[in-house]
Amino acid sequence: MTTSFLERFPASGAPFVAPSLLSADFSRLSEEIRRCEEAGADLLHFDVMDGHFVPNITFGPPLIRSCRSRSRLFFDVHLMIEEPHRYVEPFREAGSDLLTIHCEAHSPIPDTLESIRRAGISPGLSLKPDTPVEKLFPFLPLVDLVLVMSVEPGFGGQEFIRRTLQKVRALARVRRERNLDFRLEIDGGIDQTTAAEAREAGIEILVAGSYLFRQNDLAAGIRSLRAEPSSPRFSGDANEGCRRPVANASGMQAGSKHKSDRVERNEEPKARRTADV
Numbered sequence: 176m177t178t179s180f181l182e183r184f185p186a187s188g189a190p191f192v193a194p195s196l197l198s199a200d201f202s203r204l205s206e207e208i209r210r211c212e213e214a215g216a217d218l219l220h221f222d223v224m225d226g227h228f229v230p231n232i233t234f235g236p237p238l239i240r241s242c243r244s245r246s247r248l249f250f251d252v253h254l255m256i257e258e259p260h261r262y263v264e265p266f267r268e269a270g271s272d273l274l275t276i277h278c279e280a281h282s283p284i285p286d287t288l289e290s291i292r293r294a295g296i297s298p299g300l301s302l303k304p305d306t307p308v309e310k311l312f313p314f315l316p317l318v319d320l321v322l323v324m325s326v327e328p329g330f331g332g333q334e335f336i337r338r339t340l341q342k343v344r345a346l347a348r349v350r351r352e353r354n355l356d357f358r359l360e361i362d363g364g365i366d367q368t369t370a371a372e373a374r375e376a377g378i379e380i381l382v383a384g385s386y387l388f389r390q391n392d393l394a395a396g397i398r399s400l401r402a403e404p405s406s407p408r409f410s411g412d413a414n415e416g417c418r419r420p421v422a423n424a425s426g427m428q429a430g431s432k433h434k435s436d437r438v439e440r441n442e443e444p445k446a447r448r449t450a451d452v
């Protein structure tokens, strides 16, 4: 029997780390995926953007299908698209393990979440920083994951929005009061410091892009996100002084002014880049 998402990522095992592949070097994506696996990532995070729901275009099912043939990691697919209900089957066929849709999208939320579950994959729900968290409450019994965006979706290199932690705390409280079972994930501006703040608020899955991919030692970067604030690993940036340039989906390096985490255990310049969301 296939292990469910909630069994595979128990709250007691948190934090889990999901490298965001949008910050990877697309000219050698297969190598980057292998790097994530060897570094001990728990999931791989894919940001799908359609140029309508957010002002950026990334990739779709073909890229996920290609990556699926190269990895056994859990594929956490975030659909930042206008009509996600139209694309559940293509993303399932491509190898997605979890599909997260936005409550602001132009799709019937309950029907779309139920169609995702009927397809045999886990449903997730996300919200933008300015969306009231109460908008999610009616749908929480239908999801396995809630993704809190801690930057405006569409572009990376943004400052972590700390007020979004209030949403995390509210979701954790409602989950406890209603005896619900879903995981809390956060994406945007995640580094050692903000990861600790997010975990304190109740986050179980950390999505990190450029903070991780700019490290020569990706494993050290992942360990730094998992480390307790009192741990020696927590003091200072991981691999300080050993950064490598990060190319975004367009091949440009981080810092350009023009544009712009394996379950079986055994951040950010202000440049406007397509990463980390």
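Residue numbers (the working numbering): 176 to 452. Cβ coordinates follow ideal geometry from the N, Cα and C atoms, glycine included. As the structure is a computational prediction, the values presented were derived from the model and not from experiment.
- Using a 10 angstroms sphere on the CB of residue 397, the tally of other CB atoms reaches 16 or more, which defines it as buried.
- Excluding the 5 residues flanking it on each side, residue 291 has same chain C-beta neighbours closer than 7 Å at 263, 274 and 298, in chain order.
- Note on geometry: alpha-carbon atoms of residue 335 and residue 228 lie some 21 Å from one another.
- Counting along the chain, the unbroken alpha helix (DSSP H) around residue 286 starts and ends at 284 to 293.
- Sixteen is the threshold: when 16 or more other Cβ atoms of the shown chains lie within 10 Å of the Cβ of residue 195, as they do, the residue is buried.
- In the DSSP annotation of this structure, the continuous segment of the alpha helix (DSSP H) that includes residue 265 starts and ends at 263 to 269.
- Unbroken alpha helix (DSSP H) stretches of 4 residues or longer found wholly inside the stretch 320 to 353: 339 to 352, given in chain order.
- Rounded to whole angstroms, the gap between the alpha carbons of residue 209 and residue 343 is 31 Å.
- About 4 Å separates the CB atoms of residue 214 and residue 394; that is less than 8 Å, so the two are in contact.
- A check of alpha carbon separations from residue 248 across 256, 239 and 255 identifies 239 as the nearest.
- When the five nearest sequence neighbours on each side are left out, the beta carbons in the same chain lying within less than 6 Å of the beta carbon of residue 373 are those of 361, in order along the chain.
- With respect to residue 379, residue 180 sits apart: the two C-beta atoms are not nearer than 8 Å.
- Here DSSP, grouped into helix, strand and coil, assigns residue 247 to coil.
- Per the coordinates, the alpha-carbon of residue 307 lies some 14 Å from the alpha-carbon of residue 349.
- Relative to residue 193, the option among 282, 322 and 329 whose CA is nearest is 322.
- Residue environment for residue 313: exposed (fewer than 16 other C-beta atoms within 10 angstroms of its C-beta).
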